[in-house]
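Chains as they are written, first to last, in this note's numbering: chain A, 39 to 410; chain B, 491 to 688.
Each residue gets a CB set at the ideal place from its N, CA and C atoms; glycine is no exception.
Have a look at the structure below, then the notes.
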Amino acid sequence: MNIETNLKTLIVRNPLKLDCGKTIKDFPIAYETYGSLNSQKDNAILVFHALTGDQYVSGTNPVTKKDGWWSYAVGPGKAIDTNKYFVICSNVIGGCMGSYGPSDLDSENGNIQGTNFPVITINDMVNAQYNLLDHFGIDKLFSVAGGSMGGMQVLQFISNFPDKSKTVIPIATTSSHSAQNIAFNELGRQAIMADSNWKEGDYGSNNSNPGKGLAVARMAAHITYLSKKGLQEKFGRKLQEREDLKFGFDADFQIESYLRYQGSVFVDRFDANSYLYITRAMDYFDLAKQFNGNLSDAFKLTKAKFFIISFTSDWLYPTQENKDIVIALNSIGADVGFVEIESDKGHDSFLLDVPDFLNALKNFLDKSYEEN
Amino acid sequence: MKNEFKVIADLIEKDKKVLDVGCADGILMKFLKDNKNANIRGLEISKEKVQECIAKGLTVIEGNAEKDLKQFPDKSFDYVILSQTLQAFLNPELVLNELLRVGKKAIITIPNFGYWKVRFHLLLKGTMPITKTLPDEWYNTPNLHMCTIKDFVHFVKSRNIKIFKSIALNKLNASLINEKNLEIKNLSADLGIFLIEK
Numbered sequence: 039m040n041i042e043t044n045l046k047t048l049i050v051r052n053p054l055k056l057d058c059g060k061t062i063k064d065f066p067i068a069y070e071t072y073g074s075l076n077s078q079k080d081n082a083i084l085v086f087h088a089l090t091g092d093q094y095v096s097g098t099n100p101v102t103k104k105d106g107w108w109s110y111a112v113g114p115g116k117a118i119d120t121n122k123y124f125v126i127c128s129n130v131i132g133g134c135m136g137s138y139g140p141s142d143l144d145s146e147n148g149n150i151q152g153t154n155f156p157v158i159t160i161n162d163m164v165n166a167q168y169n170l171l172d173h174f175g176i177d178k179l180f181s182v183a184g185g186s187m188g189g190m191q192v193l194q195f196i197s198n199f200p201d202k203s204k205t206v207i208p209i210a211t212t213s214s215h216s217a218q219n220i221a222f223n224e225l226g227r228q229a230i231m232a233d234s235n236w237k238e239g240d241y242g243s244n245n246s247n248p249g250k251g252l253a254v255a256r257m258a259a260h261i262t263y264l265s266k267k268g269l270q271e272k273f274g275r276k277l278q279e280r281e282d283l284k285f286g287f288d289a290d291f292q293i294e295s296y297l298r299y300q301g302s303v304f305v306d307r308f309d310a311n312s313y314l315y316i317t318r319a320m321d322y323f324d325l326a327k328q329f330n331g332n333l334s335d336a337f338k339l340t341k342a343k344f345f346i347i348s349f350t351s352d353w354l355y356p357t358q359e360n361k362d363i364v365i366a367l368n369s370i371g372a373d374v375g376f377v378e379i380e381s382d383k384g385h386d387s388f389l390l391d392v393p394d395f396l397n398a399l400k401n402f403l404d405k406s407y408e409e410n
Numbered sequence: 491m492k493n494e495f496k497v498i499a500d501l502i503e504k505d506k507k508v509l510d511v512g513c514a515d516g517i518l519m520k521f522l523k524d525n526k527n528a529n530i531r532g533l534e535i536s537k538e539k540v541q542e543c544i545a546k547g548l549t550v551i552e553g554n555a556e557k558d559l560k561q562f563p564d565k566s567f568d569y570v571i572l573s574q575t576l577q578a579f580l581n582p583e584l585v586l587n588e589l590l591r592v593g594k595k596a597i598i599t600i601p602n603f604g605y606w607k608v609r610f611h612l613l614l615k616g617t618m619p620i621t622k623t624l625p626d627e628w629y630n631t632p633n634l635h636m637c638t639i640k641d642f643v644h645f646v647k648s649r650n651i652k653i654f655k656s657i658a659l660n661k662l663n664a665s666l667i668n669e670k671n672l673e674i675k676n677l678s679a680d681l682g683i684f685l686i687e688k
């Protein structure tokens, strides 16, 4: 990975016992911040990223040179207004943008860890990131927010630390990964592992890269982030820089070319083993199971104000799965609001310019902050 | 704020937990929050109205009263409000039972089909009545189960539902309904407001 040396990193000294039983310590968490922490330290928002995200929420990502992954929502004057709020985001452990992950060296033998890296969970990710509160001297966050896997972290965070955030915003997410979600993740993992360059995860020391497998994983996943209608409207059966079909297997259709492009640029910025580890963490996520099947118990200790958002065309984390969280919260009388946003942009809606979503997010945050 | 909401607000003491079912743009919720320090939630089916509530800083859940009330535990609110919507449900009795299960008390308001203007409209014009509270034509009205104040009083009594207060509203004029004046209020009131409990 081509990571700039001015990466902001917190070295976590406290030992962290992972769900798999292993304990890690002295490990790095790479983070970025936007806006400034006020003197009362009551304006901090911890944003959690999704599967392929990183700490670069807004502005220009110094590695990819592209806009941060949540640039539509986070920035000066935006829904999460960095003129007002102090936004913190960190790369999850298991990731490949500077936080402790499978491409790091094993401190004992000096080898790249690869699949010797411990299998991590959403719970582990959140417990690791919790150290950022101490680092910034923040007693209580104003909000925790995130979509998709970020939403899972939001739910896990408030369950683990019930009095550490005033508001809680899980977006386009689930409290438990469904069979379909697991199936798609397994497809991606198998694509990576089927690449002969994967070498049982040891490609790092073999100077190879399972780029083709990772690209296929990304292509398959990318389809799940879009809606059928969105794809049809954007691409239809349009041909790629050609007048007619070529009777071969090149990318005749624009959608093929688009997916190939998405796959190829992804390989440049993402580590194949990280993809395995992070998708595994998502698959293992089942918050209700942590509370003997009663999701409500995950939230019974918190007084935080929840705002849950889903999208009509999201079939990966559909409205019903988001509503299940609302139902669990209502059954214990928690303060929960919910809105389903009309959008044909699929699961990716939360990352895109969807005005109803951005307005709802802004209004919820700003009004809640006024009541502080 | 419309007079109906003022009457409703007067029925609710300070610091209560309140659910406004079909809360629309949240005007009543906002009033109860600001003036009665109510811990208030709304349930609203329209996405646009939900957005308006969020913009007012109100806690609202997008949902359908006929399906989504079941997620609330028994007696989890001090008051549940249903304003002029009962007649629009496929099964008003089911919704009413749910309101009384979720709320310790329920405040139900109904447009009175016994109102003299409604009666005169049908009698003299021979077409479906259109009034201020019933503004829609027969073919586009959301109302499926219109009733009169008298109908509602008879109905709740037959179901052993306790009526704490019945109020007749005619424009700015609110007055109590009792057994003696039921016939006259059923004729003179545009709207009936009932505080009930089961």
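Provide the residue(s) that pair with residue i in DSSP beta bridges, ordered along the chain.
i	result
residue 119 of chain A	A:113
residue 550 of chain B	B:532
residue 658 of chain B	B:665 and B:682
residue 593 of chain B	B:567
residue 573 of chain B	B:599
residue 146 of chain A	DSSP, once it has assigned bridges, lists no residue as partnering residue 146 of chain A.
residue 374 of chain A	A:344
residue 619 of chain B	According to DSSP, which records beta bridges pairwise, residue 619 of chain B is partnered with nothing at all.
What is the DSSP secondary structure of residue i, counted as helix, strand or coil?
i	result
residue 317 of chain A	helix
residue 508 of chain B	strand
residue 354 of chain A	coil
residue 82 of chain A	strand
residue 408 of chain A	helix
residue 335 of chain A	helix
residue 196 of chain A	helix
residue 127 of chain A	strand
residue 312 of chain A	helix
residue 28 of chain A	In the structure displayed, chain A extends from 39 to 410; residue 28 of chain A sits before or after that span and is not available.
residue 496 of chain B	helix
residue 57 of chain A	coil
residue 68 of chain A	strand
residue 585 of chain B	helix
residue 579 of chain B	coil
residue 222 of chain A	helix
residue 95 of chain A	coil
residue 262 of chain A	helix
residue 185 of chain A	strand
residue 230 of chain A	helix
residue 40 of chain A	With a pLDDT of 46 at residue 40 of chain A, under the threshold of 50, the modelled position of this residue cannot be trusted; read the value that follows with caution. Here residue 40 of chain A sits in coil by DSSP.
residue 402 of chain A	helix
residue 45 of chain A	coil
residue 177 of chain A	coil
With distance defined between alpha-carbon atoms, name the residue in the options nearest to residue i.
i	options	result
residue 398 of chain A	B:560, B:550 and B:598	B:550
residue 64 of chain A	A:73, A:47, A:211 and A:79	A:47
residue 510 of chain B	B:545, B:574, B:538 and B:493	B:574
residue 589 of chain B	B:506, B:555 and B:670	B:555
residue 545 of chain B	A:61, A:158, A:361 and A:345	A:345
residue 597 of chain B	B:654, B:563, B:491 and B:520	B:654
residue 139 of chain A	A:105, A:162 and A:296	A:162
Roughly how many angstroms lie between the CA atoms of residue i and residue j, to the nearest whole one?
i	j	result
residue 178 of chain A	residue 215 of chain A	29 Å
residue 336 of chain A	residue 329 of chain A	6 Å
residue 129 of chain A	residue 512 of chain B	42 Å
residue 66 of chain A	residue 99 of chain A	19 Å
residue 223 of chain A	residue 49 of chain A	30 Å
residue 340 of chain A	residue 686 of chain B	33 Å
residue 516 of chain B	residue 536 of chain B	12 Å
residue 525 of chain B	residue 503 of chain B	10 Å
residue 506 of chain B	residue 560 of chain B	21 Å
residue 271 of chain A	residue 137 of chain A	38 Å
residue 251 of chain A	residue 232 of chain A	7 Å
residue 131 of chain A	residue 539 of chain B	41 Å
residue 228 of chain A	residue 294 of chain A	21 Å
residue 39 of chain A	residue 304 of chain A	Residue placement at residue 39 of chain A is poorly supported in this model, since its pLDDT is 45, which falls under 50; the coordinates are not used for a value here.
residue 195 of chain A	residue 208 of chain A	11 Å
residue 169 of chain A	residue 155 of chain A	21 Å
residue 572 of chain B	residue 592 of chain B	12 Å
residue 353 of chain A	residue 375 of chain A	21 Å
residue 181 of chain A	residue 108 of chain A	16 Å
residue 56 of chain A	residue 635 of chain B	59 Å
residue 541 of chain B	residue 385 of chain A	20 Å
Under 6 Å: does the beta carbon of residue i sit that close to some heavy atom of the ligand NAP?
i	result
residue 140 of chain A	In the structure on display, the ligand NAP does not appear, and there are no ligands present to speak of.
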